[in-house]
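Okay, so here's the structure we're looking at.
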Amino acid sequence: MIARAHKLKEDINMLFESCKCTVERITLLDSVQRLGIDHHFKKQVDIALSQITEDEFSSSSLHHVALRFGLLREHGLWVSAVYHTDVFNKFKNEDGSFRKDITNDPKGLLCLYNAAHLLVHGEPSLEEAISFTKHHLELMRDTLKSPLDEQVKRALRVPLPRTLKRVETLHYISEYMHEERHNPTLLELAKLEFNLLQHVHLKELKYLTKWWRDLYTCVGLNYARDRLVEGYLWCYAIYHEKEFAFSRIFLTKQLMLISLMDDTYDARATIEECRQLNATIQRWDERATSLLPDYLKRFYTELLRIFKDATSEVAICDTYHVAYARKAFQDLSAYYLQEAEWLHQNHKPSFKDHLSLSAMSIGSPTICVGLMVGMGDPVTREAFEWAAGYPKVAIACGKIARLMDDIAAFKGGKAKG
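3 is the number of the first residue of the sequence shown in this note's numbering; add one for each residue after it.
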């Protein structure tokens, strides 16, 4: 199976080399990405993107224009969608509205809908594109041929740029064979790759399940939420590739310890135990274990062991990765203690103060640091410095996550009466 996959990769390398125009390149690149095999062709993808950027392109096909726009934006290459430089002007009326005749191209509409979700602030043209395409795609529900109909329904639920890549890959592998000009070589490699990686992921999940069961079933720890599979899914969604196995496993363990620590502060520990736990985490010393109540000793020793093991497993030049992750974990503990103190003091913070603290205690900024541990060359010390400084984008993610979590909790509580 592995030998066959190697042969298929060589054949696909030749496919990249044989592309003669932008349409061929964007079609191949889109297929390779959606089939989940693009990580095998990083060099070829970079070359293709460079050629796509440099080549003259004046297609009248909505699908091709939107596909090119989306691929370049996805890879951080700027394509304008503002006023007179708007690449979609050719599909608009003189008043700036989209022409009604493009609704006769459902595949193009879907591509534009997905691509438009890569907008940034100050792009009303893309906001209008989302509104226009969404309206007409909803009218087309259940009227399109398969697999386009299923793709439209999925996109209307979650636009392609926001979906879990591996979930989309699973869907697209079964759909790709029905594409008019599908390539059997791409499809065969995608199936082999998915099955080989699935075996790797199942082995990881088996190992992590045993680790979590040993910790979770400890006397006194059964008050915590059992979220191992959920936690692994989050990590799997961030990076599924085989070469990131260590990072994926370490991040899953971090997430589970964060969940356990959160539940301890929220639902189990007294205020004195909360203070003791935070003090020992800030101290980060096995000798501090004796300061904790019995039910927290196993959690603390496991926390220290996991980070110690990670330090010995990463490359010597990357040990600083773990130090940054440890500091982020210690910061998170301090945020949890602050919330516990507010509750103990019956303090009612302002909405601004509450959101400011809970954007950090939700864990997103902490995870932004922890997820990079062990990734090797793609991540630099500067990247860790940036993430450890809790940049605006990390805090914004925290705020969004907190508000969505609160909304879901409110709805759940309301449903239960």
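C-beta: ideal position from N, C-alpha, C; glycine also. Since the structure is predicted, the reported quantities are computational estimates derived from the model, not experimental observations.
query: Short check: CB of residue 194 to CB of residue 304, under 8 Å?
result: no
Contact under 8 Å by Cβ, residue 150 with residue 108: yes
- prompt: Counting Cβ pairs, one atom from each stretch, are 3 or more of them under 8 Å apart for the region 66-84 and the region 94-106?
  reply: Look at the beta carbons and you see the region 66-84 not touching the region 94-106: under three pairs across the two are nearer than 8 Å.
- request: Select from 384, 83 and 398 the residue whose C-alpha is nearest the C-alpha of residue 363.
  value: 398
message: Considering Cα atoms alone, identify which of 377, 317 and 214 is closest to residue 245.
response: 377
query: Once you ignore the five residues that flank residue 146 on each side, which residues in its own chain have a CB closer than 7 Å to its CB?
result: 108 and 154
message: Rounded to whole angstroms, what is the Cα-Cα separation between residue 358 and residue 401?
response: 8 Å
query: Under three-state DSSP, which class holds residue 100?
result: Strand at residue 100.
message: As a quick exercise: from 72, 22, 78 and 226, pick the residue whose alpha carbon is nearest that of residue 57.
response: 22
Candidates 276, 168 and 15, of which the one nearest residue 243 by Cα: 168
query: Distance, Cα to Cα, residue 77 vs residue 199?
result: 24 Å
- prompt: Buried or exposed: which applies to residue 113, given that a residue is buried once 16 or more other Cβ atoms fall within 10 Å of its Cβ?
  reply: buried
message: Output needed for residue 241: all residues of its chain with C-beta closer than 7 Å, excluding positions within five of it in sequence on either side, in chain order.
response: 249 and 250
query: Looking only at its own chain, which residues have a Cβ that is under 7 Å from the Cβ of residue 276, when we skip the five neighbours before and after it?
result: Excluding positions up to five away in sequence, the list reads 267, 339 and 342.
- prompt: What residue range is occupied by the uninterrupted alpha helix (DSSP H) comprising residue 154?
  reply: 150-159
query: Thinking just about the alpha-carbon of each residue, which of 307, 354, 321 and 272 is nearest to the one in residue 345?
result: 272
- request: Would you kindly check if the distance between the Cβ of residue 283 and the Cβ of residue 332 is under 8 Å?
  value: The Cβ atoms of residue 332 and residue 283 lie closer than 8 Å to each other.
Straight-line Cα distance separating residue 43 from residue 15: Between the C-alpha atoms of residue 15 and residue 43 there is a straight-line separation of about 8 Å.
- prompt: Is residue 178 near residue 31, with beta carbons less than 8 Å apart?
  reply: no
- prompt: Within this structure, are the beta carbons of residue 370 and residue 300 separated by less than 8 Å?
  reply: In terms of Cβ geometry, residue 370 and residue 300 do not form a close pair [threshold 8 Å].
- prompt: Could you check where the alpha helix (DSSP H) with residue 214 kicks off and where it finishes?
  reply: 186-218
message: How far does the alpha helix (DSSP H) with residue 296 in it extend, from its first residue to its last?
response: 296-315
message: According to DSSP, is residue 9 part of a helix, a strand, or is it coil?
response: helix
query: Are the Cβ atoms of residue 93 and residue 101 separated by less than 8 Å?
result: yes
message: Could you check whether the Cβ of residue 342 sits closer than 8 Å to any Cβ belonging to chain C?
response: Absent from the structure is chain C; it holds one protein chain and no more.
message: Taking its Cβ as the centre, do 16 or more other Cβ atoms sit within 10 Å of residue 238, making it buried, or is it exposed?
response: With 16 or more other Cβ atoms inside 10 Å of its own Cβ, residue 238 counts as buried.
- request: For residue 53, collect the residues of the same chain with a Cβ closer than 7 Å to its Cβ; drop the 5 residues on either side in sequence, then sort them by chain order.
  value: 27
Span of the alpha helix (DSSP H), counted from its first residue to its last, around residue 135: Taken as a continuous stretch (DSSP letters only), the alpha helix (DSSP H) holding residue 135 covers 126-141.
query: Cα separation between residue 309 and residue 287?
result: Cα to Cα, residue 309 sits roughly 12 Å from residue 287.
message: So the candidates are 352, 318, 379 and 35; which of them puts its Cα closest to the Cα of residue 171?
response: 35
task: With DSSP collapsed to three states, give me the class of residue 147.
output: DSSP places residue 147 in the coil class of the three-state scheme, outside both helix and strand.
task: Using three-state DSSP, classify residue 22 as helix, strand or coil.
output: coil
- prompt: Relative to the ligand SAM, is the shortest distance from any of its heavy atoms to the C-beta of residue 72 smaller than 7 Å?
  reply: The model on display carries no ligand, and the ligand SAM is accordingly not part of it.
query: Mapping DSSP to helix, strand and coil, what is residue 350?
result: In the structure shown, residue 350 sits in coil (DSSP, three-state: anything other than H, G, I, E or B).
task: For residue 403, collect the residues of the same chain with a Cβ closer than 6 Å to its Cβ; drop the 5 residues on either side in sequence, then sort them by chain order.
output: 364 and 366
message: To the nearest angstrom, how far is the alpha carbon of residue 174 from that of residue 143?
response: Roughly 19 Å separates the two Cα atoms.
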